[in-house]
Structures are given as structure tokens and as C-alpha cells.
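Q: Just dropping this structure here.
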Amino acid sequence: MDKLQREIKSMVDHVSVPTKKVNDTVQAALLSAKKSKNRSFNIKHNIIVGIASVFVLAIGALLFSSYSPGFGIDGNRTLVTPSPEKSASKPNHAAIPYSDSIFFNKGDEGLKRMALEGNTQNISLASEDKGIKVILEEGYIDNQRMAISLRLDPISSIETDKETNITMDLIVNGESKGTSGFGGLNTEELVAEGNIIQFTDLGNLSTEPEIEIKIQLINEIEGNWSFSFDMPKEEEDIQQSDIAEKTDKTGNRLSINEAHLTPSLLKLNTTTSIKLEENMPENSFLFSSIVAFGPDGVVYFSRASGSYSNGANAYDPIISERTKNETIEIPRGNDAYSFKIVPYIVTFNGVEATSDGNGLNWNEFTAPFQEGAILDTDSKIRVEKIIHDNDKTVVYYEMDLDPSLPRVPTIINHETVELFKAISYKKQDNLIEVTYPKVENPESLELFMDDASYKVFSDLAIEFDLR
Numbered sequence: 001m002d003k004l005q006r007e008i009k010s011m012v013d014h015v016s017v018p019t020k021k022v023n024d025t026v027q028a029a030l031l032s033a034k035k036s037k038n039r040s041f042n043i044k045h046n047i048i049v050g051i052a053s054v055f056v057l058a059i060g061a062l063l064f065s066s067y068s069p070g071f072g073i074d075g076n077r078t079l080v081t082p083s084p085e086k087s088a089s090k091p092n093h094a095a096i097p098y099s100d101s102i103f104f105n106k107g108d109e110g111l112k113r114m115a116l117e118g119n120t121q122n123i124s125l126a127s128e129d130k131g132i133k134v135i136l137e138e139g140y141i142d143n144q145r146m147a148i149s150l151r152l153d154p155i156s157s158i159e160t161d162k163e164t165n166i167t168m169d170l171i172v173n174g175e176s177k178g179t180s181g182f183g184g185l186n187t188e189e190l191v192a193e194g195n196i197i198q199f200t201d202l203g204n205l206s207t208e209p210e211i212e213i214k215i216q217l218i219n220e221i222e223g224n225w226s227f228s229f230d231m232p233k234e235e236e237d238i239q240q241s242d243i244a245e246k247t248d249k250t251g252n253r254l255s256i257n258e259a260h261l262t263p264s265l266l267k268l269n270t271t272t273s274i275k276l277e278e279n280m281p282e283n284s285f286l287f288s289s290i291v292a293f294g295p296d297g298v299v300y301f302s303r304a305s306g307s308y309s310n311g312a313n314a315y316d317p318i319i320s321e322r323t324k325n326e327t328i329e330i331p332r333g334n335d336a337y338s339f340k341i342v343p344y345i346v347t348f349n350g351v352e353a354t355s356d357g358n359g360l361n362w363n364e365f366t367a368p369f370q371e372g373a374i375l376d377t378d379s380k381i382r383v384e385k386i387i388h389d390n391d392k393t394v395v396y397y398e399m400d401l402d403p404s405l406p407r408v409p410t411i412i413n414h415e416t417v418e419l420f421k422a423i424s425y426k427k428q429d430n431l432i433e434v435t436y437p438k439v440e441n442p443e444s445l446e447l448f449m450d451d452a453s454y455k456v457f458s459d460l461a462i463e464f465d466l467r
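According to the UniProt record's numbering, the sequence shown is numbered sequentially starting from 1.
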């Protein structure tokens, strides 16, 4: 089977599912759990061993994630905007069905849930200058972040550029929040699909802040693309300090120093200190696993959208001891308030550099995506049953599952490089029921797991509740 090159951080990425108080909303949330598409398996080594530098960019308060083209205000997936003169200062407050929402279709799990619950705002503003039209389509705000969708109309003057760079000012309630710049955006995607800009660290905002966005520069083209609108804030804001600390008999320690929970995001500040009795092999990395507890024994995999540390070697391979002060950001794809975190070390087997020297390969286990298939890992995993529902795919495995570090297979389409990651799991008698986003063309799919060994510090596992 083909070997895949993957970012180290993606090894601990999980997809959580929006859960609601009524069954039909749960199913709609499952429908929204989009399949992941890893656009490139070619990883620069300095990103793998210095991954903290990637996430430090999150502190810059401007992040982008792709969203769906087909946003519809008129019900026909056609963008309807007022004239630029009016739209730049007066948003259209018409409700957007969650199925047409940009955030629901392409946002992280927290934004999906906010769209599902009707907590996002239709902005629908456009501003045009120098022959370039910028469109803001939808927004969301709470006390941890503000997210706004942005798209450019096809303009010949920038379509020839493969990448787009934008510089903008953000003003909230008349107070400047500084200038933010972002670059390297794929122009074709920005025009056809758009992006979601995210501002963080805005402080404790008023109930309905007035937002001004002033774009000054797009790909060396100076202009004035200005927007002004108010946006109601989601008020839930839970902050706790000194939540819990555990130390095992060898002196390893995990502490949860702070937790900040808003409707769309959980942010944890943790300290992990590891004192190894023996040196670890090369290609070993220290991570934390986080799950959320739902009703009726359902456990949701949590996916960190970013983590960063001020330690110079925090994300380097770990050989001996390590202390890591880390901030972890987890989009809230469900309305759970109970969580568990546990540190572990993963060692990837068969690691070798790619032929171009810019990436890494390592071994993996694969099996056909079909009933009766066996994934021949250290402990065999057998597919007992596959159920294809309208909005999800459920697989029943006969397997050993470590509750301290639950790991289940990922579904992959090698041809399209699409990954379908598990949303949740539940024990059903002697089987493990795993829910995935709905998959299509199962004959072209495989199951896979990385060939890796895990050292789990189960004595450091901390369960905590933020209600």
C-alpha cells in the first residue's frame, strides 16, 4: 500500500460532532461533519520539528480556514448583495438556513454548531475599489473569537496571482485593535470558495459591539475597502483557574492551569512535565489527548485547531525529560462540559525522508473498507458491521480499546486524498460502535492506522467539568 506523508499534529486531530437536544438536530450535525481533505502530504521538516512556530501565528489574531462556495441568501445558492454603497455599512439581517451557512459547511466544529443553532449573523456586505470587490458574508462573535467570511469577486488584475496577500485594520467600538496582515492565500480558492478570517484576544466585548474592518492593501494594490456593522455576541463565558493537578510515582506531572469556555471554543492552559526513566527512540513526540463526554456513554473525539507554547523545544522530538507549558484551542463541536485530558508519547515506526527531502514517510496499517476486513495492527481490529445512514456511517469493530487513549481507524480515499475521521465512539456489548461522517463510494475506501507505539501516562489523566 502507498505510504502517506502527514503532519505530526494531524496524528492527534479528531473530529467532534455537534450534538443537540433533539434527534433531528443531532442528525443534521452529523451531516455537517465534513470529510477532511489533506491537500498536501509533503511536509517541511522544520514544520514538523518546530511546529510551535506555526501555532504562534494564532496569537497574531488572524487565522484563515476554507469555506464552501455555494453560499445562498436567496435560497438558490446564489449570493445576493445590496449595492456596495449601501452594503458596506448596513448588513442584511435575513436569517440563513444552517444548511446554506458558510460556517456550517466549511468552518471548524465550533462554527458548525453555532450555525446549526442559529447563532451566526448574516452580514452580506460588499465594498468595491480599484476594480476589486470584497464581500463579507457571515459572522460570529463570542468572548474568545470573532469569525467573518470573506470572498473576492473574480478580478482579472489579481486572478493571475497564485497567492493573495491582504492587510486590514480592525476597530471595535471605536477602539483600534491594530493592523493584521495575512498572506499566502490561494487566489483561486479565495475567489471561488472564500475564507473565514478569525480575530482573537479582543478582550471582554460589549453585548453588541460595533465592528469596523478597513482593508488597505490587496496584493500590492492600495485601496479602501471599508465595512461597518454591529454583531450580537454570544454571552456564555466560563473561566476557571487551578482546575486540577496530578503527579505519578516517577514525578511526571500534568496540571490544568486555566480553562476558558465560550459557545464555540474551549481553551486550555496546561503544564506537562515528563521525566523518563529511559530515553525514547527518535521520532517520538509528546502530545495530549482530549475527549468530551456525551450522554448515554458516547465519547466524542476532540480536535485541537491550534496549540502553542513559549518553549523553544516544546514540539521537538522528545528523547528524555521535557516540561511544556501549552495553550490548546479546541472548537466545541458539541455542547459537552465534561472532558478528559491525558498526556502521551507517540513513536512512529519506519520513518524515512521523502525523495525530495521536504517530508517524511512512516509505516501504516491498511485494510479494505468492508465487513470482515481485518486491520492487522499489534492487536487485530475486525470490521463486524457497516451501516450507511443518510447522514453518517457507523462501523462496529471487534477491537481492544484503551479508554485512556482511545484510537480507532480512519477511513481514507487514497485517490482523492480524503480522510474521514471518527466523530465519536461508544461501547456496545463486546463491540465498539464508531460514528464517522457519511462516506460514499465505499469500494474506493480503505481503513488505516499509523504504525506507531504509544506510551500513555494514564496516572496523569484528569477528568474535569466546567459547568
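Just so it is clear, CB atoms sit at the ideal spot from N, CA and C, and this is done for glycine as well.
These figures come from a predicted structure and were not determined experimentally.
1) Could you check where the beta strand (DSSP E) with Leu401 kicks off and where it finishes?
2) Would you kindly work out how many angstroms separate the C-alpha atoms of Glu245 and Leu254, rounded to a whole number?
3) Note down the Cα distance separating Leu111 from Glu137, rounded to an integer number of angstroms.
4) Per DSSP, which one or two residues make a beta bridge with Arg151?
5) How big is the Cα-Cα spacing for Ser149 and Ile218?
6) Could you name the residues of the same chain whose beta carbon sits closer than 7 angstroms to that of Ile243, not counting the 5 residues immediately before and after it, in chain order?
7) My output table needs one value for Ser32: the three-state DSSP class, helix, strand or coil.
8) Please go through the same chain and pick out, in chain order, the residues whose beta-carbon is closer than 8 angstroms to the beta-carbon of Ile374, but skip the five residues on each side of it.
9) Curious, which full-length beta strand (DSSP E) runs of at least 3 residues does the segment 194-256 contain?
10) Take every Cβ of the segment 139-147, pair it with every Cβ of the segment 175-193, and state whether three or more of those distances are shorter than 8 angstroms.
11) Using only the alpha-carbon positions, how far apart do Lys421 and Glu222 sit?
12) Using DSSP's beta-bridge definition, name the partner residues of Met449.
13) Using a Cβ distance threshold of 8 angstroms, determine whether the segment 342-351 contacts the segment 268-285, with at least three qualifying pairs required.
14) Tell me whether Arg113 sits in a helix, a strand or coil according to DSSP, three-state version.
15) With the cut-off set at 8 angstroms, would you say Glu329 and Ser307 are in Cβ contact?
16) In or out: Asp378 buried (at least 16 other Cβ within 10 Å) or exposed?
17) Could you have a look at Ile48 and say whether DSSP puts it in helix, strand or coil?
18) Could you tell me which residues DSSP puts in a beta bridge with Pro331?
19) In the DSSP assignment, the beta strand (DSSP E) including residue 478 goes from what residue to what residue?
20) Using a Cβ-Cβ cut-off of 6 angstroms (strictly less than) and excluding sequence neighbours within five positions of Lys224, which residues of its own chain qualify?
21) What are the start and end residues of the beta strand (DSSP E) that includes Leu286?
22) Alpha carbon to alpha carbon, how far is Lys267 from Pro209? Give it in angstroms, no decimals.
23) What residue does the beta strand (DSSP E) around Asn186 start on, and which one ends it?
24) Taking only the alpha-carbon atoms, compute the straight-line gap between Thr262 and Phe287 and give it to the nearest angstrom.
25) Only counting the same chain, and skipping five residues up and downstream in sequence, which positions put a Cβ closer than 6 angstroms to that of Asp230?
26) Are there 16 or more other CB atoms within 10 angstroms of the CB of Pro331, so buried, or fewer, so exposed?
27) Can you tell me which of the three DSSP states Asn38 falls into?
28) Over what stretch of residues does the beta strand (DSSP E) that includes Ile386 continue unbroken?
29) Measure the alpha-carbon distance for Tyr436 versus Asn390 and round it to whole angstroms.
30) Need the endpoints of the alpha helix (DSSP H) that Ile102 sits in, please.
31) Nearest-angstrom Cα distance between Glu212 and Leu125?
32) Val56 by DSSP, collapsed to three states: which one?
33) For Ser404, which of Lys455, Ser424, Leu447 has the nearest alpha-carbon?
34) Roughly how many whole angstroms lie between the Cα atoms of Pro409 and Glu398?
35) Are Lys214 and Met168 close, meaning C-beta to C-beta below 8 angstroms?
36) Within its chain, find whatever has a CB closer than 6 angstroms to the CB of Arg151; leave out the 5 residues flanking it on each side and keep chain order.
A: Let me lay it out:
1) Within the sequence shown, residue 401 is the residue found at index 401, counting from 1. Per DSSP, Leu401 lies in no beta strand (DSSP E) and is assigned neither H nor E.
2) Taking the first residue of the sequence shown as 1, we reach residue 245 at position 245. Taking the first residue of the sequence shown as 1, we reach residue 254 at position 254. Straight through space, the alpha carbons of Leu254 and Glu245 are spaced by roughly 6 angstroms.
3) Within the sequence shown, the letter at position 111 stands for residue 111. Within the sequence shown, the letter at position 137 stands for residue 137. Leu111 and Glu137: Cα-Cα distance of roughly 14 angstroms.
4) For the purposes of this step, residue 151 is taken as the residue at position 151 of the sequence shown. For Arg151, which the question treats as bridged, DSSP gives the partners Ile135.
5) On the sequence shown, position 149 is the one that residue 149 refers to. On the sequence shown, position 218 is the one that residue 218 refers to. Spanning the alpha carbons of Ser149 and Ile218 requires a straight line of approximately 16 angstroms.
6) What you label residue 243 is simply residue 243 of the sequence shown in a count that begins at 1. Correct list, in chain order: Ile256, Ala259, Phe464.
7) Here residue 32 corresponds to residue number 32 of the sequence shown, with the count starting at 1. Any answer about Ser32 is weak, because its pLDDT of 40 lies below 50 and its placement is not dependable; what the coordinates show is given next. Helix.
8) Translated into positions along the sequence shown, residue 374 becomes position 374. Once the five neighbours on either side are set aside, the close Cβ partners of Ile374 are Ala367, Lys380, Ile381, Arg382, Val383.
9) Listed in chain order, the complete beta strand (DSSP E) runs (minimum 3 residues) inside the segment 194-256 are 195-200, 210-218, 221-230, 238-247.
10) The segment 139-147, when compared against the segment 175-193, does not touch it at the 8 angstroms Cβ threshold.
11) Within the sequence shown, residue 421 is the residue found at index 421, counting from 1. Within the sequence shown, residue 222 is the residue found at index 222, counting from 1. The alpha-carbon of Lys421 is positioned some 42 angstroms away from that of Glu222.
12) By one-based count along the sequence shown, residue 449 stands at place 449. Answer is Phe365, bridged to Met449.
13) Yes, the segment 342-351 touches the segment 268-285.
14) Against the sequence shown, residue 113 aligns to sequence position 113. Three-state DSSP puts Arg113 in a helix.
15) Taking the sequence shown and counting its residues from 1, one reaches residue 329 at position 329. Taking the sequence shown and counting its residues from 1, one reaches residue 307 at position 307. In contact: Glu329 and Ser307 (Cβ atoms closer than 8 angstroms).
16) As a working note, residue 378 is residue 378 in the sequence shown. It counts as exposed.
17) By 1-based counting over the sequence shown, the position of residue 48 is 48. Note that Ile48 has pLDDT 37, beneath the 50 cutoff, so the model's placement of it is unreliable and no number is given.
18) As a first step, residue 331 is located in the sequence shown; it is residue number 331 there, counting from the start. In the DSSP assignment, Pro331 is bridged to Leu265.
19) A question about residue 478 goes unanswered here, because the residues of the chain that appear run from 1 up to 467.
20) For the purposes of this step, residue 224 is taken as the residue at position 224 of the sequence shown. It is worth fixing the name first, because residue 224 is Asn in this sequence and not Lys. Exclusion of the five residues before and after Asn224 leaves Asp129 as the residues of its chain whose Cβ lies within less than 6 angstroms of its Cβ.
21) Taking the first residue of the sequence shown as position 1, residue 286 is located at position 286. DSSP places Leu286 inside the beta strand (DSSP E), whose first and last residues are 284-293.
22) One-based indexing of the sequence shown puts residue 209 at position 209. One-based indexing of the sequence shown puts residue 267 at position 267. Between Pro209 and Lys267, the C-alpha separation is close to 22 angstroms.
23) Locating residue 186 in the sequence shown gives position 186, counting from the first residue. Its beta strand (DSSP E) spans residues 175-186.
24) Counting from one through the sequence shown, the residue named residue 262 turns up at place 262. Counting from one through the sequence shown, the residue named residue 287 turns up at place 287. It is roughly 24 angstroms from the alpha-carbon of Thr262 to the alpha-carbon of Phe287.
25) What you label residue 230 is simply residue 230 of the sequence shown in a count that begins at 1. If we look at Asp230 and ignore the five residues flanking it on each side, its Cβ neighbours are Glu208, Glu210.
26) Working through the sequence shown from its first residue, we reach residue 331 at position 331. Residue environment analysis places Pro331 among the buried positions, since at least 16 neighbouring C-beta atoms fall within 10 angstroms of its C-beta.
27) As a first step, residue 38 must be located in the sequence shown, where it is residue number 38. Caution applies to Asn38, whose pLDDT of 38 falls short of 50 and renders its modelled position unreliable; the value that the coordinates give is listed next. Coil, per DSSP.
28) Your numbering for residue 386 matches position 386 in the sequence shown. For Ile386, the enclosing beta strand (DSSP E) has its first and last residue at 381-388.
29) If you number the sequence shown from 1, residue 436 lands on position 436. If you number the sequence shown from 1, residue 390 lands on position 390. When rounded, the distance between both Cα atoms is 12 angstroms.
30) By one-based count along the sequence shown, residue 102 stands at place 102. Run containing Ile102: 102-106, per the alpha helix (DSSP H) assignment.
31) Counted from its first residue, the sequence shown places residue 212 at position 212. Counted from its first residue, the sequence shown places residue 125 at position 125. Their backbone Cα atoms lie some 12 angstroms apart in a straight line.
32) On the sequence shown, position 56 is the one that residue 56 refers to. Low local confidence applies: a pLDDT of 35 at Val56 is under 50, so the model's placement there is unreliable, with the coordinate-based value given in what follows. Helix, per DSSP.
33) Here residue 404 corresponds to residue number 404 of the sequence shown, with the count starting at 1. Of the residues Lys455, Ser424, Leu447, the one whose Cα lies closest to the Cα of Ser404 is Lys455.
34) Within the sequence shown, numbered from 1, the residue matching residue 409 stands at position 409. Within the sequence shown, numbered from 1, the residue matching residue 398 stands at position 398. Distance between the alpha carbons of Pro409 and Glu398 is about 12 angstroms.
35) For the purposes of this step, residue 214 is taken as residue 214 along the sequence shown, with counting starting at 1. For the purposes of this step, residue 168 is taken as residue 168 along the sequence shown, with counting starting at 1. Cβ distance < 8 angstroms, so Lys214 and Met168 count as in contact.
36) As a position in the sequence shown, residue 151 is number 151, starting the count at 1. Cβ contact annotation for Arg151 (same chain, cutoff 6 angstroms, sequence separation greater than five): Ile135, Gly194, in chain order.
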